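K.L.:
Have a look at the structure that comes next, please.
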Amino acid sequence: MVTWSAPGRVTLVGEHVDYNGGPVLPFAIDRRTEVTIRRRPDLRVIVTSQGVGTAEISSPLCPGSDSGWERYVAGALWAFSVGARRDVDGLDIDIASALPTGAGLSSSAAIECAVLCALNDLSGVDRTPRQIADLALRAEREYVGVPCGPMDQYAVMLAEVGHALCLDSGSLDTEQIPFHLDAAGLTLLVVNTRVRHTLGDGAYGDRRTACEQAAAMLGADSLRDVTVDRVLGLPDPVLRRRAHHVVTEIARVRKVVRLLRSGRPGEIGALLTASHRSLSDDFEVSCAELDTVVEAALAAGALGARMTGAGFGGSAIVLCRSAESAVVADRVFETFETSGFREPDVWPAGPAAGARRQTR
Ligand code: GLA
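Each residue of the sequence shown is one higher than the last, beginning at 0 in numbering that gives the first Met the number 0.
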């Protein structure tokens, strides 16, 4: 029997950039998904998720065939057996998660990575964290069918305490960027709006397609190396706005990385807010609840705020001085109440560790 846990992530900045080959800056949060795997004497694979239910994974594993919550586990088993060129034996898989699903915090990558880590461990297969991230990506893209970029799986596998992970999603080079909130007197709040988002409903894929069309019209392989001036020359207004978000977001990631490298985390707030406005106006993936978090937090004195993850619901992050974090959180709660929105879930988060083996 082995137990592994994997974290959720927030994107500090660099949203909808990872499938355009640009740099992104996520970090892992200390809300984790724990997966315990033990062998069974038969060939059945039974998955139990605490508070959700029990499901049997059918055999043979067939990409695109499942639609239930267990498809992330099935995808990880499929990627494992493809990578290891062997069938999966009978298994009992237990999942306990402190990570809300549909909250834009990468609960799917956390399950995929934790299952893959546990399977490798149980089977004595030696794989690096990057190799596991690549298999988890295959699970998400090829088995579950979401045309995502590499950010979530790499963040979940490679994150380090006290650091954001700068991932070049073209070359997959990484750099650990120090991000010490406490020492700078800062607090980062995660606000889960509880508006459930799903990546499977097509809007995510539409955004990706628009970016690819914009790049093709500009004669580029990706938007990564395209300048703002060239984007502004695109004749189609929708493609122009989508591409404008991507190229300006890439510039914001580079600026945030420079500020963090020089130990100035208190100065990144305006860039986070600019990222939100760009996602809301140009990329059109925000919603009333996410916009409300940002505006309420800024009005209460936050340094910066933005939606995090793919959008269409999910969570926002708010950077504030620690002394002001209670006032900022209260304002978000009050504004949600007067707007008639569901009460959000709000908690402070700092850069946490990536996937790891749990000892008991
Ligand atoms: C989801 C995807 C990621 C990334 C983000 C948006 O989380 O899984 O690959 O595209 O959306 O930045």
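No residue lacks a Cβ here, since even glycine has one placed at the ideal position from N, Cα and C. Keep in mind the model is a prediction, meaning the values are calculated, not measured.
Tell me which residue opens and which closes the beta strand (DSSP E) that Arg257 is part of.
P.N.:
The count along the sequence shown starts at 1 and reaches residue 257 at position 258. Element bounds for Arg257: not the beta strand (DSSP E) but the alpha helix (DSSP H), Pro236 to Arg260.
K.L.:
Count the CB pairs spanning the stretch 88-103 and the stretch 21-38 that are closer than 8 Å, and state whether there are at least three.
P.N.:
yes
K.L.:
Curious, which full-length beta strand (DSSP E) runs of at least 3 residues does the stretch 107-171 contain?
P.N.:
Runs found: 162-167.
K.L.:
Could you tell me whether any non-hydrogen atom of the ligand GLA is closer than 7 Å to the CB of His275?
P.N.:
Residue mapping note: residue 275 aligns to position 276 of the sequence shown, counting from 1. His275: no, Cβ never under 7 Å from the ligand GLA.
K.L.:
Can you give the beta carbon distance from Thr186 to Cys319, rounded, assuming they're within the 8 Å contact cut?
P.N.:
Stepping through the sequence shown from its first residue, residue 186 is reached at position 187. Stepping through the sequence shown from its first residue, residue 319 is reached at position 320. Confirmed, Cβ separation roughly 6 Å.
K.L.:
Does any heavy atom of the ligand GLA sit closer than 7 Å to the C-beta of Ala138?
P.N.:
Stepping through the sequence shown from its first residue, residue 138 is reached at position 139. False, no ligand heavy atom lies under 7 Å from that Cβ.
K.L.:
Of all the options Phe332, Val284, His162 and Thr197, which has the alpha carbon lying nearest to the alpha carbon of Gly262?
P.N.:
What you label residue 262 is simply residue 263 of the sequence shown in a count that begins at 1. The residue with the shortest Cα to Cα distance from Gly262 is His162.
K.L.:
Can you give me the Cβ contacts of Leu259 inside the same chain, cut-off strictly under 6 Å, excluding the 5 residues immediately before and after it?
P.N.:
Start at 1 with the first residue of the sequence shown, and residue 259 comes out as number 260. Cβ neighbours of Leu259 beyond the five flanking positions: Ile176 and Phe178.
K.L.:
Suppose you measure from the CA of Gly312 to the CA of Glu55; what does that come to, to the nearest Å?
P.N.:
Here residue 312 refers to the residue found at position 313 of the sequence shown. Here residue 55 refers to the residue found at position 56 of the sequence shown. Roughly 30 Å between the two C-alpha positions.
K.L.:
To the nearest whole angstrom, what separates the beta carbons of Met216 and Gly353, a pair I think is in contact under 8 Å?
P.N.:
By one-based count along the sequence shown, residue 216 stands at place 217. By one-based count along the sequence shown, residue 353 stands at place 354. Not really, about 38 Å apart at Cβ, beyond 8 Å.
K.L.:
Hey, quick one: how far does the alpha helix (DSSP H) through Ser80 stretch, first residue to last?
P.N.:
Position 81 of the sequence shown holds residue 80. The continuous alpha helix (DSSP H) containing Ser80 extends over residues Arg70 to Ala83.
K.L.:
So, at 8 Å on beta carbons, what are the nonlocal neighbours of Thr173 in its own chain, with the 5 sequence-adjacent residues on each side left out?
P.N.:
Start at 1 with the first residue of the sequence shown, and residue 173 comes out as number 174. So the qualifying residues of the chain are Tyr153, Leu157, Leu164, Cys165, Leu166 and Asp167.
K.L.:
Please report the straight-line C-alpha distance between Asp17 and Ala242, rounded to a whole angstrom.
P.N.:
Locating residue 17 in the sequence shown gives position 18, where the first residue counts as 1. Locating residue 242 in the sequence shown gives position 243, where the first residue counts as 1. Cα to Cα, the separation comes out at about 13 Å.
K.L.:
State the start and end residues of the unbroken alpha helix (DSSP H) segment that holds Leu271.
P.N.:
What you label residue 271 is simply residue 272 of the sequence shown in a count that begins at 1. Looking at the DSSP string, the run of the alpha helix (DSSP H) that includes Leu271 is Gly268 to Asp280.
K.L.:
Take the Cβ of Pro146 as the centre, count every other Cβ of all protein chains shown within 10 Å, and call the residue buried at 16 or more, exposed below.
P.N.:
Numbered from its first residue, the sequence shown carries residue 146 at position 147. When all chains shown are included, Pro146 counts as exposed.
K.L.:
When the Cα atoms are used, what is the spatial distance from Phe282 to Arg240?
P.N.:
Sequence index remark: in the sequence shown, residue 282 carries index 283 (1-based). Sequence index remark: in the sequence shown, residue 240 carries index 241 (1-based). Distance between the alpha carbons of Phe282 and Arg240 is about 6 Å.
K.L.:
Excluding the 5 residues flanking Ser277 on each side, which residues of the same chain have their C-beta closer than 7 Å to its C-beta?
P.N.:
Taking the first residue of the sequence shown as 1, we reach residue 277 at position 278. Taking Ser277 as the centre and dropping the five residues before and after it, the same chain places the C-beta of His244, Thr247 and Glu248 closer than 7 Å to its C-beta, in chain order.
K.L.:
Is any heavy atom of the ligand GLA found at a distance shorter than 7 Å from the C-beta of Thr10?
P.N.:
Taking the first residue of the sequence shown as position 1, residue 10 is located at position 11. Answer for Thr10: yes, Cβ within range of the ligand GLA.
K.L.:
Excluding the five sequence neighbours on either side, which residues of its own chain have a C-beta within less than 6 Å of the C-beta of Cys70, listed in chain order?
P.N.:
Here residue 70 is taken as the residue at index 71 of the sequence shown, counted from 1. Here the sequence assigns Arg to residue 70, which means Cys is not the residue at that position. Excluding sequence neighbours, Arg70 sits near Val143.
K.L.:
Exposed or buried, which one is Arg341 when buried takes at least 16 other CB atoms within 10 Å?
P.N.:
Taking the first residue of the sequence shown as position 1, residue 341 is located at position 342. Exposed, because fewer than 16 other Cβ atoms sit within 10 Å of the Cβ of Arg341.
K.L.:
Can you find a heavy atom of the ligand GLA that lies under 7 Å from the Cβ of Asp88?
P.N.:
Numbered from 1 along the sequence shown, position 89 holds the residue referred to as residue 88. False, no ligand heavy atom lies under 7 Å from that Cβ.
K.L.:
Checking the sheet assignment: what are the DSSP bridge partners for Asp224?
P.N.:
Mapped onto the sequence shown, residue 224 falls at position 225. DSSP, once it has assigned bridges, lists no residue as partnering Asp224.
K.L.:
Comparing C-alpha positions only, which one of Pro347, Val292, Arg229 and Leu222 sits nearest to Asn19?
P.N.:
Taking the first residue of the sequence shown as position 1, residue 19 is located at position 20. Selected option, being the one with the closest Cα: Leu222.
K.L.:
Whole alpha helix (DSSP H) runs in the stretch 279-350 with 4 or more residues, listed along the chain?
P.N.:
287-298 and 324-338
K.L.:
Grab me the residues of Arg126's own chain with a C-beta within less than 7 Å of its C-beta, minus the 5 sequence neighbours each way, in chain order.
P.N.:
The residue you call residue 126 lines up with position 127 of the sequence shown. Closer than 7 Å at Cβ, skipping near neighbours: Asn119.
K.L.:
The alpha helix (DSSP H) with Arg206 in it runs from where to where?
P.N.:
Within the sequence shown, numbered from 1, the residue matching residue 206 stands at position 207. Arg206 -> alpha helix (DSSP H) spans Ala202 to Met216.
K.L.:
Out of Ala83, Asp41 and Ala102, which has the shortest C-alpha to C-alpha gap to Gly308?
P.N.:
Residue 308 sits at position 309 when you count from the first residue of the sequence shown. Comparing Cα-Cα distances from Gly308 to each of Ala83, Asp41 and Ala102, the minimum goes to Ala102.
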